[in-house]
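The structure under discussion appears below in the form of structure tokens.
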Ligand SMILES: Cc1cc2nc3c(=O)[nH]c(=O)nc-3n(C[C@H](O)[C@H](O)[C@H](O)COP(=O)(O)OP(=O)(O)OC[C@H]3O[C@@H](n4cnc5c(N)ncnc54)[C@H](O)[C@@H]3O)c2cc1C
Ligand SMILES: C[S@@+](CC[C@H](N)C(=O)[O-])C[C@H]1O[C@@H](n2cnc3c(N)ncnc32)[C@H](O)[C@@H]1O
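This is the structure:
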């Protein structure tokens with residue numbers, strides 16, 4: 003993600019001034035966020051009425067959705083007005099997607115102050131503010147109104163972010179300060195992007211009537227006309243897209259056609275990935291059966307007492323790094339619904355820089371990311387944050403912390419549309435007509451039109467997914483009893499391992515990596531290794547925990563398998579028939595640039611959410627949203643290339659391209 007690509011200086015968050023009436027102004031652009039005279043009325047007229055939204059919301063049927071795209075989220079006034087109208091007009095089972103791009107997000111206090119201007123929007127503003135956390139650059143998803151209203155904020159420049167968006171927009175709110183004050187945004191390139199994301203019938207409204215905006219939008223395929231404005235604005239523009247929809251993406255990453263006669267899904271595996279998938283589908287009105295072989299949910303990798311929200315980022319904007327920033331934001335917002343201190347804590351995470359290479363890597367990261375996501379601390383500052391003596395300074399993630407993963411799984415899985423079936427192990431998956439069936443020998447456990455395999459590396463037992471290159475890596479954490487002196491630890495501290503502040507009188511210390519072992523029995527050697535990791539983190543903390551007196555053979559702990567893919571990205575999305583895929587795209591072995599016009603041989607209704615490695619707390623919940631977006635033809639919650647980097651077809655494609 004290159005920063006500051008345009009002429010404007012990078013100033014995050016937005017710098018505001020407040021006029022005598024208490025209304026916000028942008029210091030950078032020298033313009034108002036909304037009309038000084040009648041902000042609400044103008045928003046409703048220009049964006050809601052001119053996009054015909056009262057009637058369009060009203061005409062939605064149960065299960066239908068409407069997607070609005072906006073340039074310039076600003077104070078969120080347009081969004082809240084659209085949400086309020088949606089609540090008033092749309093039937094209960096309809097859904098609203100709002101995708102808005104914002105280069106300079108307001109900070110929390112400014113947003114709160116700006117939205118306090120509109121008492122009639124107070125309940126919506128309150129809910130938005132409750133989720134207005136961890137909005138770092140890139141795609142950030144916020145689920146509101148129990149998932150009925152989904153806000154996807156694209157934090158960055160419109161000209162950088164919109165090309166990454168995979169969505170079909172029904173109505174555009176073309177906002178973004180007056181063209182004369184913000185000419186960098188109002189360009190033919192921007193309008194071409196709006197056109198790419200539109201289809202015949204997509205509408206557009208904007209507050210400006212500037213001639214060149216009208217002409218350029220016409221050139222891009224919108225039929226624009228001037229219509230009366232409100233108050234001092236004589237005229238504004240509204241229009242319709244009359245161009246043709248742009249071509250499909252590569253067939254192996256295209257959206258599978260849906261011929262589903264019912265919205266019932268079967269999710270196999272109730273760890274973080276399965277619970278998140280079930281939750282995202284249930285919020286969209288799917289009836290979900292969640293199958294788990296154990297007596298409760300989250301008994302395997304997702305069952306540790308504390309997991310860390312650890313962001314292993316790259317300064318080079320890799321797909322994995324962008325997924326992590328988006329996933330972190332999404333998980334962090336979910337956690338706001340859990341009990342702080344008991345189920346999670348945003349105590350911060352400190353990654354120590356113990357050698358020169360790490361010092362350099364951290365310096366690059368500090369230059370690439372905003373300081374509300376991560377900051378470099380020298381040793382003294384790091385010790386103050388952590389509350390203990392440390393061997394070095396490092397990178398501090400102030401909004402991160404630890405999570406009790408079973409609590410997050412429960413939050414996700416305990417919903418009215420989810421039926422949990424425990425003690426049920428799917429040994430076989432059969433296709434029967436239009437449905438998938440899960441069998442345990444002669445017992446039919448459940449069936450549905452859609453099945454999502456979320457059983458970590460166990461999904462390799464099914465022939466359909468057997469070829470996916472998933473590996474198990476055994477890991478063990480140790481549970482270290484807190485002492486009076488160890489309660490001084492105030493943040494998670496990581497080096498090769500990690501230790502968290504105590505939860506219910508115990509610190510989680512982890513974790514070992516064993517690529518060979520298949521044995522989940524607790525192992526004293528791993529406990530001993532974890533104590534070595536503790537010594538590396540802080541000999542002061544080791545002393546406070548009396549680690550020299552702890553007997554590794556008697557320490558409590560927990561072992562489970564991580565499940566990783568060779569490129570460390572999770573595997574999320576629809577699955578194709580492997581042999582038919584190889585046959586259909588065989589030409590790629592000779593010429594990797596070919597894009598044959600052959601539809602992908604999808605295994606209709608079969609999806610995967612697995613391979614979350616050592617960071618499932620960050621990647622699995624957002625992957626649930628990604629599965630739901632594939633299934634319901636919604637805006638993807640991550641950039642298109644990130645979704646492709648996580649796609650199950652990537653492995654078969656790579657082999658073909660390598661001529662294998
Ligand atoms: C020691 C250790 C420490 C970790 N620390 C962290 C950390 O600090 N931060 C972090 O983000 N991540 C951490 N992770 C990784 C994280 O725990 C995983 O990425 C995450 O839990 C994966 O979730 P999952 O749902 O994919 O897998 P799992 O939690 O393993 O869930 C899979 C579920 O599917 C069920 N299942 C499988 N097959 C079937 C079947 N056929 N029928 C019915 N049920 C089935 C299993 O019983 C299981 O409940 C750690 C992992 C380990 C092992
Ligand atoms: C007039 S305000 C939008 C008001 C907003 N829709 C509301 O409801 O409050 C314009 C917004 O566009 C944003 N913006 C300006 N140029 C941008 C660009 N190139 N990319 C993304 N956002 C931009 C500004 O930061 C500002 O928040």
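Residue numbers (my numbering): 3 to 662.
Where is the CB? At the ideal position from N, CA and C, for every residue including glycine.
On a predicted model such as this, the values are computed, not experimentally measured, just so you know.
**Message:** Short of 6 Å in beta carbon distance, which residues of its chain neighbour residue 233, apart from the five on each side in sequence? Order them along the chain.
**Reply:** Numbered from its first residue, the chain shown carries residue 233 at position 231. These residues qualify, in order along the chain: 39, 40.
**Asked** According to DSSP, is residue 35 helix, strand or coil?
**Response** As a first step, residue 35 is located in the chain shown; it is residue number 33 there, counting from the start. Reduced to three states, the DSSP call for residue 35 is coil.
**Request:** Classify residue 58 as helix, strand or coil using the three-state DSSP reduction.
**Result:** Counting from 1 along the chain shown, the entry for residue 58 is found at position 56. Here residue 58 carries a helix assignment [DSSP, helix/strand/coil].
**Asked** For residue 193, is the classification buried or exposed, using 16 other Cβ atoms within 10 angstroms of its Cβ as the cut-off for buried?
**Response** Locating residue 193 in the chain shown gives position 191, where the first residue counts as 1. Taking all protein chains shown into account, residue 193 has 16 or more neighbouring C-beta atoms within 10 Å of its C-beta and is therefore buried.
**Prompt:** Quick one: Cα of residue 472 to Cα of residue 272, how far?
**Reply:** Along the chain shown, read from residue 1 onward, the residue named residue 472 stands at position 470. Along the chain shown, read from residue 1 onward, the residue named residue 272 stands at position 270. Residue 472 and residue 272: Cα-Cα distance of roughly 18 Å.
**Message:** Runs of 4 residues minimum, wholly inside the region 99–157: which ones carry the alpha helix (DSSP H) assignment?
**Reply:** Listed in chain order, the complete alpha helix (DSSP H) runs (minimum 4 residues) inside the region 99–157 are 110–117, 124–132.
**Contacting residues, own chain, Cβ-Cβ under 8 Å from residue 536 (five flanking each side not counted)** = One-based indexing of the chain shown puts residue 536 at position 534. Closer than 8 Å at Cβ, skipping near neighbours: 482, 499, 501, 511, 543, 544, 547, 549.
**Prompt:** According to DSSP, what are the bridge partners of residue 243?
**Reply:** The sequence position of residue 243 within the chain shown is 241, counting from 1. Looking at the DSSP output, residue 243 shares a beta bridge with 224.
**Prompt:** Using the rule of at least 16 other Cβ atoms within 10 Å of the residue's Cβ for burial, across every protein chain shown, is residue 517 buried or exposed?
**Reply:** Your numbering for residue 517 matches position 515 in the chain shown. So residue 517 counts as exposed.
**Prompt:** Taking the Cβ atom as the reference point for each residue, do residue 174 and residue 71 lie within a distance shorter than 9 Å?
**Reply:** For this step, residue 174 is matched to residue 172 along the chain shown. For this step, residue 71 is matched to residue 69 along the chain shown. Judged by beta-carbon spacing, residue 71 lies within the 9 Å limit of residue 174, meaning their Cβ atoms are closer than that value.
**Prompt:** Just reading off the alpha helix (DSSP H) that residue 363 is part of, what are its end residues?
**Reply:** Taking the chain shown and counting its residues from 1, one reaches residue 363 at position 361. Taken as a continuous stretch (DSSP letters only), the alpha helix (DSSP H) holding residue 363 covers 358–370.
**Message:** To the nearest angstrom, how far is the alpha carbon of residue 441 from that of residue 592?
**Reply:** Stepping through the chain shown from its first residue, residue 441 is reached at position 439. Stepping through the chain shown from its first residue, residue 592 is reached at position 590. The alpha-carbon atoms of residue 441 and residue 592 are separated by roughly 41 Å.
**Request:** Report back the beta-carbon spacing between residue 600 and residue 575 to the nearest angstrom; my notes put them in contact at under 8 Å.
**Result:** One-based indexing of the chain shown puts residue 600 at position 598. One-based indexing of the chain shown puts residue 575 at position 573. Going by Cβ atoms, the distance from residue 600 to residue 575 rounds to 19 Å, so no, they are not a contact pair.
**Request:** Could you check the C-alpha separation between residue 370 and residue 56 for me, to the nearest Å?
**Result:** If you number the chain shown from 1, residue 370 lands on position 368. If you number the chain shown from 1, residue 56 lands on position 54. Using only the alpha carbons, I get a separation of about 43 Å.
**Item:** Sheet register partners of residue 347 (DSSP bridge)
**Value:** Position 345 of the chain shown holds residue 347. Answer is 404.
**Asked** Hey, would you say the C-beta of residue 563 is under 8 Å away from at least one heavy atom of ligand 1?
**Response** What you label residue 563 is simply residue 561 of the chain shown in a count that begins at 1. Flag set: Cβ of residue 563 near ligand 1.
**Message:** Can you tell me where the alpha helix (DSSP H) holding residue 529 begins and where it ends?
**Reply:** By one-based count along the chain shown, residue 529 stands at place 527. For residue 529, the enclosing alpha helix (DSSP H) starts and ends at 526–539.
**Request:** State yes or no: is the C-beta of residue 463 within less than 9 Å of the C-beta of residue 291?
**Result:** Sequence index remark: in the chain shown, residue 463 carries index 461 (1-based). Sequence index remark: in the chain shown, residue 291 carries index 289 (1-based). Taking 9 Å as the Cβ cut-off, residue 463 and residue 291 do not qualify as a contacting pair.
**Message:** Is it the case that the region 302–309 contacts the region 256–276, given that we only count it when at least three CB pairs across the two stretches are under 8 Å?
**Reply:** Segments in contact, yes.
**Prompt:** Should residue 77 and residue 108 be called a contact, given that it needs their Cβ atoms to be closer than 9 Å?
**Reply:** On the chain shown, residue 77 is found 75 positions in, with the first residue counted as 1. On the chain shown, residue 108 is found 106 positions in, with the first residue counted as 1. Going by C-beta atoms, residue 77 is nearer than 9 Å to residue 108.
**Message:** Closest to residue 176 by C-alpha separation, out of 230, 27, 315, 187, would be which residue?
**Reply:** Here residue 176 corresponds to residue number 174 of the chain shown, with the count starting at 1. Among 230, 27, 315, 187, the Cα nearest to that of residue 176 belongs to 187.
**Request:** Kindly provide the ranges of any beta strand (DSSP E) runs that are 3 or more residues long and lie completely inside the region 435–479, ordered along the chain.
**Result:** Runs of the beta strand (DSSP E) spanning 3 or more residues and lying entirely within the region 435–479 occur at 437–442, 445–450, 452–455, in chain order.
**Request:** In angstroms with no decimal places, state the Cα-to-Cα distance between residue 34 and residue 178.
**Result:** Position 32 of the chain shown holds residue 34. Position 176 of the chain shown holds residue 178. As the crow flies, the alpha-carbon of residue 34 is around 10 Å from that of residue 178.
**Message:** For residue 429, which residues in the same chain have their Cβ closer than 6 Å to its Cβ, ignoring the five residues on either side in sequence?
**Reply:** For the purposes of this step, residue 429 is taken as residue 427 along the chain shown, with counting starting at 1. Shown here for residue 429: same chain residues with a beta carbon closer than 6 Å to its own, the five before and five after excluded, namely 442 in chain order.
**Request:** For residue 299, name the three-state secondary structure that DSSP assigns.
**Result:** For this step, residue 299 is matched to residue 297 along the chain shown. Looking at residue 299 - three-state DSSP - the assignment turns out to be coil, as it is neither helix nor strand.
**Message:** Which same chain residues end up closer than 6 Å to residue 10 when comparing Cβ atoms and leaving out the 5 residues on each side of it in sequence?
**Reply:** Mapped onto the chain shown, residue 10 falls at position 8. Interpretation of residue 10 is limited by its pLDDT of 43, a score under 50 that renders its predicted location unreliable; the figure taken from the coordinates is listed afterwards. Shown here for residue 10: not one same chain residue has a beta carbon closer than 6 Å to its own, the five before and five after excluded.
**C-beta atoms of residue 225 and residue 209 nearer than 9 Å** = Residue 225 sits at position 223 when you count from the first residue of the chain shown. Residue 209 sits at position 207 when you count from the first residue of the chain shown. For the pair residue 225 and residue 209, the CB atoms are not nearer than the 9 Å cut-off.
**Request:** Determine the direct distance from the alpha carbon of residue 252 to that of residue 377, and round the result to whole angstroms.
**Result:** As a first step, residue 377 must be located in the chain shown, where it is residue number 375. As a first step, residue 252 must be located in the chain shown, where it is residue number 250. About 39 Å.
**Item:** Assigned secondary structure, residue 332 (DSSP; H/G/I helix, E/B strand, else coil)
**Value:** Stepping through the chain shown from its first residue, residue 332 is reached at position 330. Helix.
**Request:** Could you check what DSSP says for residue 214 in three-state terms: helix, strand or coil?
**Result:** For this step, residue 214 is matched to residue 212 along the chain shown. DSSP places residue 214 in helix when its eight states are reduced to three.
**Prompt:** Candidates 587, 617, 562, 641: which alpha carbon is nearest residue 654's?
**Reply:** As a working note, residue 654 is residue 652 in the chain shown. For residue 654, the nearest C-alpha among the options comes from 587.
**Prompt:** Between 488, 135, 570, 53, which lies nearest to residue 508 when the distance is taken from Cα to Cα?
**Reply:** By one-based count along the chain shown, residue 508 stands at place 506. If we check each option's Cα against that of residue 508, 488 comes out closest.
**Request:** Check residue 618 in the structure and name its three-state DSSP category.
**Result:** Locating residue 618 in the chain shown gives position 616, counting from the first residue. Judged by DSSP in its simplified three-state form, residue 618 adopts helix.
**Message:** Extract the residue ranges of the beta strand (DSSP E) inside the region 622–655, only unbroken runs of 3 or more that lie entirely within it.
**Reply:** Whole beta strand (DSSP E) segments, 3+ residues: zero.
**Request:** For residue 496, count neighbouring Cβ atoms within 10 angstroms of its own Cβ and tell me buried if that reaches 16, exposed if not.
**Result:** Position 494 of the chain shown, counted from the start, is the residue given in the question as residue 496. It counts as buried.
**Message:** Please tell me whether, using a cut-off of 8 Å, the distance from the CB of residue 416 to the nearest non-hydrogen atom of ligand 2 is below it.
**Reply:** For the purposes of this step, residue 416 is identified with residue 414 of the chain shown, where counting begins at 1. Result no, Cβ not under 8 Å from ligand 2.
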